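For the record, the sequence lines run as chains A and B. In case it helps, numbering that gives the first Met the number 0 puts the first sequence at residues 0 to 140. In case it helps, numbering that gives the first Met the number 0 puts the second sequence at residues 0 to 78.
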Amino acid sequence: MSKAVRIQAEDFSQDDEIKELKGSSKRMGGIGTFLGCARDFSEGRDVSEISFDAYGSMALLEMNKLRSDAIAKFGLLDARIIHRIGTVNGGDNIVFIAAGAEHRVAAMEACRWMIDELKQRVPIWKKETTPEGESWVVPHP
Amino acid sequence: MIKVLFFGPIADRMQMRETQLEFTRGMTMQDAIAHFSVQHPSAFSIVAFIAVNQTQIHDKQMVLHDNDEIAFMAKYAGG
């Protein structure tokens, strides 16, 4: 069984993550998921690749706290958060969040809350490579 | 010694990811900021968050301790 919160360079499988989430409880009646992907176009420019940097130890601490907070806040049965670092190309997976609850509303609201909070709380940065050069992404909602 | 970390856009502007700061008794975070920001104003103009030992702090008068790990960070852009 893989850890529920991970930062990793390699790609992940949504099917595997959902299988592990479902395996944690047969009371789970709803699962909300969010998959963040790399875009090949941003701010009017072609993007050939995106590189991620992270304060790994703090990011893992924050992601684990975020998962615990979501479980407590929404009464989830389980949750998983996986974020990639290193370099990805257009269409590649970046982040996966899954929230499992007894019912759909808590699962979907918790999933939305976790990705919004991740962007505010987790020390990760991304740099886009474009024909004009490289530039760090300025966060936006 | 205090371990000092830089990431992402700040590491680029600092042209380094890690350095050390000599610890002196009573040293505060504001002292550490002053030490680096004078030499690297461009990097420190985008510092949005500061962490001590992997925990974000807001009080720049916080007293540092020997062997602390501090990090100067720009706005996060994960996800």
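Glycine included, C-beta positions come from ideal geometry on N, C-alpha and C. Just so we're clear, the structure is a prediction, and the values are computed from it rather than from any experiment.
Measure the beta-carbon distance from residue i to residue j and round it to whole angstroms, keeping in mind my assumption that it falls under 8 Å.
{"i": "B/I56", "j": "B/A47", "result": "Not really, about 13 Å apart at Cβ, beyond 8 Å."}
{"i": "B/K59", "j": "B/T27", "result": "7 Å"}
{"i": "A/I93", "j": "A/G35", "result": "4 Å"}
{"i": "B/N66", "j": "B/M0", "result": "7 Å"}
{"i": "B/S114", "j": "B/R12", "result": "The structure shown has nothing for residue 114 of chain B, since chain B only spans 0 to 78."}
{"i": "A/V141", "j": "A/E61", "result": "A question about residue 141 of chain A goes unanswered here, because the residues of chain A that appear run from 0 up to 140."}
Take residue i as the anchor and find which of the options has the nearest alpha-carbon.
{"i": "A/Q28", "options": "A/T86, A/S134, A/A98", "result": "Per the sequence shown, residue 28 of chain A should be read as Gly rather than Gln. Among A/T86, A/S134, A/A98, the Cα nearest to that of A/G28 belongs to A/A98."}
{"i": "A/I114", "options": "A/W124, A/A69, A/G90", "result": "A/A69"}
{"i": "A/L76", "options": "A/G22, A/S56, A/I123, A/K64", "result": "A/G22"}
{"i": "A/L59", "options": "A/I80, A/V46, A/I49, A/F51", "result": "A/I80"}
{"i": "A/K126", "options": "A/A37, A/G74, A/A3, A/Q7", "result": "A/A37"}
{"i": "B/Q38", "options": "B/Q14, B/A70, B/M61", "result": "B/Q14"}
{"i": "A/I96", "options": "A/R111, A/G89, A/E131", "result": "A/R111"}
{"i": "A/M72", "options": "A/V87, A/M0, A/R120, A/A109", "result": "One detail in the question is off: residue 72 of chain A reads as Lys in this sequence, not Met. Selected option, being the one with the closest Cα: A/A109."}
{"i": "A/E101", "options": "A/R5, A/K18, A/I6, A/R26", "result": "A/R26"}
{"i": "A/T86", "options": "A/D52, A/R5, A/K2", "result": "A/D52"}
What's the C-alpha gap between residue i and residue j?
{"i": "B/L4", "j": "A/Y54", "result": "9 Å"}
{"i": "A/S24", "j": "B/G77", "result": "29 Å"}
{"i": "A/I84", "j": "B/A33", "result": "31 Å"}
{"i": "A/S41", "j": "A/I123", "result": "18 Å"}
{"i": "A/D10", "j": "A/L20", "result": "18 Å"}
{"i": "A/Q13", "j": "B/H64", "result": "43 Å"}
{"i": "B/F71", "j": "B/T18", "result": "12 Å"}
{"i": "B/Q75", "j": "A/M107", "result": "Residue identity check: residue 75 of chain B is Tyr in the sequence provided, not Gln. Approximately 24 Å, taken between the alpha carbons."}
{"i": "A/A105", "j": "A/A8", "result": "30 Å"}
{"i": "A/E16", "j": "A/G74", "result": "20 Å"}
{"i": "A/G89", "j": "B/D30", "result": "43 Å"}
{"i": "B/L20", "j": "A/K64", "result": "30 Å"}
{"i": "A/M57", "j": "A/A78", "result": "19 Å"}
{"i": "A/G43", "j": "A/P130", "result": "11 Å"}
{"i": "A/F33", "j": "B/G25", "result": "46 Å"}
{"i": "A/H82", "j": "A/I49", "result": "13 Å"}
{"i": "B/K2", "j": "A/A3", "result": "30 Å"}
Per DSSP, what kind of secondary structure is residue i in: helix, strand or coil?
{"i": "B/S44", "result": "coil"}
{"i": "B/M6", "result": "The sequence shown places Phe at residue 6 of chain B, not Met. Three-state DSSP puts B/F6 in coil, outside helix and strand."}
{"i": "A/R26", "result": "coil"}
{"i": "A/G132", "result": "strand"}
{"i": "B/A76", "result": "coil"}
{"i": "A/Q13", "result": "helix"}
{"i": "A/N88", "result": "strand"}
{"i": "A/S41", "result": "strand"}
{"i": "B/S36", "result": "helix"}
{"i": "B/D65", "result": "coil"}
{"i": "A/S50", "result": "strand"}
Mind checking who residue i pairs with in its DSSP beta bridge?
{"i": "A/F95", "result": "A/L34, A/I81"}
{"i": "B/Q55", "result": "B/A50"}
{"i": "B/Q1", "result": "A quick correction: the sequence has Ile, not Gln, at residue 1 of chain B. Paired residue(s): B/L20."}
{"i": "A/D68", "result": "In DSSP, A/D68 forms no bridge with anything."}
{"i": "A/Q7", "result": "A/R83"}
{"i": "A/A100", "result": "A/G29"}
{"i": "A/E143", "result": "A question about residue 143 of chain A goes unanswered here, because the residues of chain A that appear run from 0 up to 140."}
{"i": "B/A70", "result": "B/L4, B/A50"}
In chain C, what lies closer than 8 Å to residue i by C-beta?
{"i": "B/K74", "result": "Of the chains in the structure shown, none is chain C; the protein chains are A and B."}
Just to confirm, does residue i get its C-beta within under 7 Å of one of the non-hydrogen atoms of the ligand SAM?
{"i": "A/Q13", "result": "Judged by which ligands are present, the structure shown has none, so any question about the ligand SAM falls away."}
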